[in-house]
Each structure stands twice: as C-alpha cells, then as structure tokens.
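Counting from 1472, one number per residue, gives the positions in the sequence shown under our numbering.
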Amino acid sequence: MDVMSSSAFTLNNGVEIPAVGFGVFQSAPEETVEAVQTALAAGYRHVDTAAAYFNEKEVGEAIRRSGLARNEVFVETKVWISDYGYEQTLHAFDKSTKKLGVEQLDLLILHQALPDEFALTLDAYRALEKLLADGAVRAIGVSNFMPDHLTRLLAETSVVPAVNQIEVHPYFRQSELLALDAEHGILSQAWSPIGGITFYRDGSHGSTLQDPTIGEIAAAHDRTPAQVMLRWHLQQGRQVIPKSVTPSRISENLDVFGFELTGEQLAAIDALDTGVRGGPEPEQITRETFGREIPEA
Ligand SMILES: NC(=O)c1ccc[n+]([C@@H]2O[C@H](COP(=O)([O-])OP(=O)(O)OC[C@H]3O[C@@H](n4cnc5c(N)ncnc54)[C@H](OP(=O)(O)O)[C@@H]3O)[C@@H](O)[C@H]2O)c1
1472 MDVMSSSAFT
1482 LNNGVEIPAV
1492 GFGVFQSAPE
1502 ETVEAVQTAL
1512 AAGYRHVDTA
1522 AAYFNEKEVG
1532 EAIRRSGLAR
1542 NEVFVETKVW
1552 ISDYGYEQTL
1562 HAFDKSTKKL
1572 GVEQLDLLIL
1582 HQALPDEFAL
1592 TLDAYRALEK
1602 LLADGAVRAI
1612 GVSNFMPDHL
1622 TRLLAETSVV
1632 PAVNQIEVHP
1642 YFRQSELLAL
1652 DAEHGILSQA
1662 WSPIGGITFY
1672 RDGSHGSTLQ
1682 DPTIGEIAAA
1692 HDRTPAQVML
1702 RWHLQQGRQV
1712 IPKSVTPSRI
1722 SENLDVFGFE
1732 LTGEQLAAID
1742 ALDTGVRGGP
1752 EPEQITRETF
1762 GREIPEA
C-alpha cells in the first residue's frame, strides 16, 4: 500500500479496511458514545470494540447518531474466551450484533487463543468460518495469536485469518510474529499502537510518548510523538487502532498522511524494541484466570 496516497488496506479476501481505526478499550461506557461520535465526525471510518470491553451498545449508539450509512463504517468486534465453542460462538455473534444494533459485522475476531484448550479455540474459529460463509460477517480473524497458535490454526482450519490483532509499539515489536503474519497474507493490526499499555501501567519501561528518539523524529517533522509512531506502523504495513477520549488527540491520531519517515528514522524506532510485553502473556490465558461472563444483549 502506498500510505502517502491511500488510507486503506485490502484484506486477504478483498475487503477494504481503513488504515487508521478507532480503539475503545477502557473507554468507560459513559464516555464511549461521545468519543466514537467525535471520531466519526473527525473522519474515522473503523471502530474496534470487543464483547469484553462492555461498550458495544455505546459504540452502536454512536454509529447511529453519526448519521452515517451502515456501510460507511467498518465495525470490528471480538469474541471473548468465555464464549468459545461452536454453538457458543455463534451465539456470541448474536449478542454482539444485538448490542451494536447491526445485522452484519465487517470483522469478527477471536480475542485470545486458549493454549490449554486449543480444540475449543478451533471450534470457536469454525463458528467464525460458518458466519463468514453465511455472509453474517465480511471477514474473520484472530488476536494475540503467537506463532505457535497461528501455525496450529492454519493447519486445522480452512480460512486464513484476515487479521491478527497484536501488541505492537516501539517498545515491543514482535518482529517474528509480524513476519509470520505477512508470510500468510494476514494483516497485523497493532494494538496499543502508541504504546498505551506502557503508560497505563507505571511499569519499568516508561512511556513511548516521552521517548527521546521518538521526540527527536517528531521535532524534525514538526509532528507529535503519537503521529510519528502511527506513521511508523503504517509505513511498515500495519493497520493501527489508537484509542483516545480526548477530541484534540482523536483528530491528531488521524492526521498522519501528510508526512513520511525516512528509512533511517524507521530503523531508529525499530531499535527501541525492549522485547518486553506490556499486556498479558498469551501463552498463559486460561478460562479459569481470565474468564468473564458476557451478558446477553
Ligand atoms: N486485542 C487486544 O487484546 C487489545 C488489547 C489492548 C488494546 N486493544 C485495542 O487497541 C486499542 C488501542 O490500544 P490502547 O488503548 O491500549 O493504547 P493506545 O491507543 O496506544 O494508547 C491510548 C492511550 O494514549 C492516550 N493518547 C491517545 N492519543 C494520544 C496522543 N495523540 N497524545 C498523547 N496521548 C494520547 C490515551 O489517552 P486519552 O484517551 O485520555 O486521550 C490513552 O491513555 C484499544 O482501544 C483496543 O481497541 C486490543
């Protein structure tokens, strides 16, 4: 994709997805309607939510209030692990679409692999394949699938996921996983694209927003650190879903098409990788520790 002139990626089944989407993780239900409305008014055309964010109703409300036609907004949501299993996952689709107030989803993904119950994960994915075949969803995918999970999924199911939504920011790049996604034509969607996970927690590796290397590159382009990080992803072929409930930041994060980082600048950001994950270790996700009931619509 030429990200200077185009603001969309084409998924492996031909469906188009905007290059910059809008994230709503940890947006409280009471702030979500306003944040999503602000984002749609600013020009975003993709919203990434999840059953486990407990704000699908508010996302749906904002889309209706925006006045945009249904087919103008790309709606993505995720099935939580407590709803895995063939029938359960089909029902999870019903719950999410009712809460969102839509009939069809643009993208439905599994939120996590369950490494200790992989057969159940495969059953959930087969339900996504069925929804895709029925036209209930336009594309399907996964999230937080590590190389081993992806390899097992590809060996045992028939539809190659359109996306793998994973933690990627300058302090945690997962380069091998990015290469594996690319090898199979799977679009990597970067979550915490500006490193949100590094500053939600006051952990040891500090904030990407205050990183001196990123700051210098931002100054050289008269841009902000967030814009530089988003540009880094886009130029390397990753879709991004920055989250904000702040109107000025919502606009700032979409205004990333008027400048280009040099190869040297991209490499300097690559070199910031610490190899330290901010989010939970995907290999350790179990229903016992992370299970949460997803209410009916
Ligand atoms: N699949 C998964 O397991 C998974 C996990 C985590 C996230 N996600 C998805 O990825 C999305 C984004 O990830 P994230 O929310 O963790 O992190 P993020 O988008 O990298 O960062 C969000 C944080 O950055 C702040 N912020 C946003 N724009 C900014 C700017 N221009 N300048 C300074 N600060 C800015 C936000 O504050 P304010 O809101 O206060 O402005 C918020 O604290 C989520 O919303 C969700 O959709 C998926």
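Built from N, CA and C at the ideal position, the CB exists for glycine as well. These numbers were taken from a predicted model, which means no experiment stands behind them.
Host beta strand (DSSP E) of residue i (start-end)
| i | result |
| --- | --- |
| A1661 | 1658-1662 |
| S1614 | 1611-1614 |
| N1724 | Taken as a continuous stretch (DSSP letters only), N1724 belongs to no beta strand (DSSP E), being part of the alpha helix (DSSP H) at 1718-1725. |
| M1580 | One detail in the question is off: residue 1580 reads as Ile in this sequence, not Met. Here the beta strand (DSSP E) through I1580 covers 1578-1581. |
| E1547 | 1545-1550 |
Best match in the options for proximity to residue i [C-alpha to C-alpha]
| i | options | result |
| --- | --- | --- |
| E1502 | T1481, G1514, E1529 | E1529 |
| T1760 | T1568, S1553, P1664, V1608 | S1553 |
| F1590 | Q1707, G1494, K1566, Y1555 | The residue asked about is misnamed: residue 1590 is Ala in this sequence, not Phe. Of the listed residues, the one whose Cα sits closest to A1590 is Y1555. |
| W1773 | S1719, N1724, S1715 | Missing from the structure shown is residue 1773; the chain here goes from 1472 to 1768 and no further. |
| L1576 | V1518, V1711, R1758, Y1557 | V1518 |
| T1757 | W1551, G1538, L1625, V1507 | W1551 |
| E1647 | G1729, E1543, D1744 | D1744 |
| R1763 | A1607, A1633, A1522, L1511 | A1522 |
| L1579 | E1735, Q1736, I1488, G1686 | I1488 |
| V1486 | R1541, V1608, P1766 | V1608 |
| V1634 | T1548, L1701, Q1755 | T1548 |
| T1628 | L1705, I1637, Q1636, V1613 | V1613 |
| P1632 | V1639, E1638, L1624 | L1624 |
| A1490 | Q1636, Q1698, A1499, A1479 | A1479 |
Bounding residues of the alpha helix (DSSP H) (the contiguous stretch that carries residue i)
| i | result |
| --- | --- |
| D1594 | 1589-1604 |
| L1511 | 1500-1513 |
| P1696 | 1696-1706 |
Check whether residue i and residue j have beta carbons under 9 Å apart
| i | j | result |
| --- | --- | --- |
| W1662 | F1496 | yes |
| L1599 | H1655 | no |
| I1688 | A1510 | no |
| A1595 | L1603 | no |
Inter-residue Cα distance where the pair is residue i and residue j
| i | j | result |
| --- | --- | --- |
| P1731 | G1514 | Just to set this straight, residue 1731 is Glu in the shown sequence, not Pro. The straight-line gap from Cα to Cα measures roughly 21 Å. |
| E1505 | T1695 | 24 Å |
| I1712 | R1535 | 21 Å |
| F1493 | L1581 | 18 Å |
| L1737 | D1682 | 14 Å |
| I1740 | G1666 | 13 Å |
| I1685 | Q1707 | 16 Å |
| D1652 | D1693 | 33 Å |
| T1568 | F1728 | 32 Å |
| L1482 | L1658 | 7 Å |
| P1641 | M1700 | 7 Å |
| A1626 | R1597 | 13 Å |
Expected contact under 8 Å - CB spacing of residue i and residue j to nearest Å
| i | j | result |
| --- | --- | --- |
| N1615 | Q1583 | 5 Å |
Contact test: residue i Cβ vs ligand 3 heavy atom, cutoff 8 Å
| i | result |
| --- | --- |
| S1498 | With respect to ligand 3, the structure offers nothing, as its ligand set consists of ligand 1. |
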